[in-house]
Amino acid sequence: MHPDIHRRNIMSDHYDVIVAGAGIGGLCAALRAREKGASVAIVEKAETIGGSAAASGGTIWCAKNIDEWLKVQPNGDTALGTALIDRFYTGIEWLRKQGVSLQAREDKPYKFQRTIYQFTPDARTAMEILGYQFQHRGGTILIHTGLTGLIGGNGKPITGVKTTHSKITAQSVILSTGGYQANPKLRAQYFGAESDHMIVRGVPQNTGGGFQSALEAGAQPTEPLNRFYGHLLPAPPARVGLHNFLKVKPDFSEYAILINLKGERFDDEYLGDEVTCHTLVQQPRATAILIFDQHIRDNQNALSQWPTPDNDRVKNIREAGGEVIKTSSLEELTRALTNRWHIPAHTFEKTMAEYATACATGNGQTLSIPKTGGLIPLNTPPYYAIRTRPGITFTYGGAKINARAQVIDKNDHPIPGLYAAGADCGGIYTRGYTGGLCMGLAYGLIAGEGAAEYAIK
51 MHPDIHRRNI MSDHYDVIVA GAGIGGLCAA LRAREKGASV AIVEKAETIG GSAAASGGTI
111 WCAKNIDEWL KVQPNGDTAL GTALIDRFYT GIEWLRKQGV SLQAREDKPY KFQRTIYQFT
171 PDARTAMEIL GYQFQHRGGT ILIHTGLTGL IGGNGKPITG VKTTHSKITA QSVILSTGGY
231 QANPKLRAQY FGAESDHMIV RGVPQNTGGG FQSALEAGAQ PTEPLNRFYG HLLPAPPARV
291 GLHNFLKVKP DFSEYAILIN LKGERFDDEY LGDEVTCHTL VQQPRATAIL IFDQHIRDNQ
351 NALSQWPTPD NDRVKNIREA GGEVIKTSSL EELTRALTNR WHIPAHTFEK TMAEYATACA
411 TGNGQTLSIP KTGGLIPLNT PPYYAIRTRP GITFTYGGAK INARAQVIDK NDHPIPGLYA
471 AGADCGGIYT RGYTGGLCMG LAYGLIAGEG AAEYAIK
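In this note's numbering, the protein residues as written are 51 to 507.
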């Protein structure tokens, strides 16, 4: 059941709805708009469909309710959060009706309550099924066709798209191009000069085409433009890609110590690496050293929120070419860090002594940078250090939307005919992370319905 997308076969130069991007957000939006009776075409920059979703681990999850969501997004927009959660649950049943196989997963105790499903056999198959269903119902997919701009905007309705091949007119447009994480210029603009050292985990086509097109059409950007979903990853020369990401990300950093190249802690590790990465990108060379002991290594599965059978990250990182220091004492670790990575010994010793005192008293608030949980004394040799950098999957900032997935202009009014889904939506997440694929599913369905209704009203 593979969609026939190997030819650029433009069936028409006009559709009711054009969707930019064929990841989970774009595919859900396009198929839902087709179900509502609109003629729909997808323009996709890559040579195949699926986007970052197809390359993911295939776990689709969301907060159980808005109160749980607010634990992670304390200043979040509750209207956007409520729409996300509500449509996630109805969206799971919608996916099943399309023939997508999903298996419920039991969640382990975490900082907030989640509902988790797993695509079976994998996410790529799920995306192919959605693509097949879309084409089977008369939808058009145009590959090797990148979005370069919008027709209309700046006070006028959106009436189509400009692409790398031609202009295509439409009554409405849905942007779902996956964020701007693979665009070095935009990363430097929003994350700073050290962003050159970030590791881009998402697909290389996510260069901000939808976001930039929306801004050019008068859309209001929304904060936080300098935050993103990401994880700590072993620094080069480690070979990290979509094939081994889950095996090499050190999934226990909440219980370890993170220091910068000055030998100082720079954030509350217990917030999780998806949050500490926001601060890490501002550190020298966007580099952190993860410090832990044998006790933490032995208990990786217990400490990890996503335990796997091959969860020995130290072994996996070494096999991927990552740099790992192992010593029999903290004194040896100090010397090794100084000799190998030029970490100032005095500063590192001071950092470790302060941490040891906090662990002994059980009070992380006494630290110069408080730690809200996960205080585990490092006293079980051998001791380890791994050089890490922030790996970015998608950006949190984007075009401002409302709960109907309409893109909002600088006067806080919806831009007629313009919608967004997935990572092109700005403002859904502001700090923590409560699922990526759920954003594409929920707002893809919302945008698809709204764009179709607007187009054929």
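For every residue, glycine included, the Cβ atom is placed at its ideal position computed from N, Cα and C.
Straight through space, the alpha carbons of P464 and K206 are spaced by roughly 11 Å. According to the DSSP assignment, K217 belongs to the beta strand (DSSP E) that extends over K217 to L225. Less than 8 Å divides the Cβ of G71 from the Cβ of G260. Here S222 is buried: its Cβ has 16 or more other Cβ atoms, across all protein chains shown, within 10 Å. Counting C-beta pairs closer than 8 Å gives fewer than three between the stretch 203-218 and the stretch 103-113, which falls short of the contact rule. Counted as a single uninterrupted DSSP element, the beta strand (DSSP E) harbouring G448 occupies residues G448 to K450. For G181, no beta strand (DSSP E) encloses it; the enclosing alpha helix (DSSP H) starts and ends at A173 to H186.
Look at Q456 here: in three-state DSSP terms it is strand. Within the same chain, Cβ atoms closer than 8 Å to the Cβ of L200 are found at I208, G210, V211, K212, V223, S263, A264, E266, A267 and L468, the five residues on either side in sequence being excluded. L425 sits in coil when the DSSP states are folded into three classes, being neither helix nor strand. A distance below 8 Å separates the beta carbons of N294 and A370. Using a 10 angstroms sphere on the CB of Y434, the tally of other CB atoms reaches 16 or more, which defines it as buried. In the DSSP annotation of this structure, the continuous segment of the alpha helix (DSSP H) that includes T411 starts and ends at A395 to T411. In the three-state reduction of the DSSP assignment, Q262 falls in the helix class, which pools H, G and I. When the beta-carbon positions are compared, F278 and Y446 come within less than 8 Å of each other. In the displayed model, Q231 falls within coil according to three-state DSSP, outside both helix and strand.
Here F295 carries a helix assignment [DSSP, helix/strand/coil].
Judged by DSSP secondary structure, G100 falls outside any beta strand (DSSP E); it is assigned neither H nor E. Contact between the stretch 75-86 and the stretch 409-429 is absent: fewer than three C-beta pairs spanning the two stretches fall below 8 Å. Annotated three-state conformation of D343 is strand, per DSSP. Taking each of K299, E273 and P274 in turn and checking the Cα distance to A285, the smallest one comes out for K299.
The C-beta of Q270 has 16 or more other C-beta atoms within 10 Å across all chains shown, which makes the residue buried.
The way I'd put it, the stretch 427-441 does touch the stretch 313-333; three or more beta-carbon pairs between them come closer than 8 Å. Between the alpha carbons of I496 and A173 lies a distance of about 21 Å.
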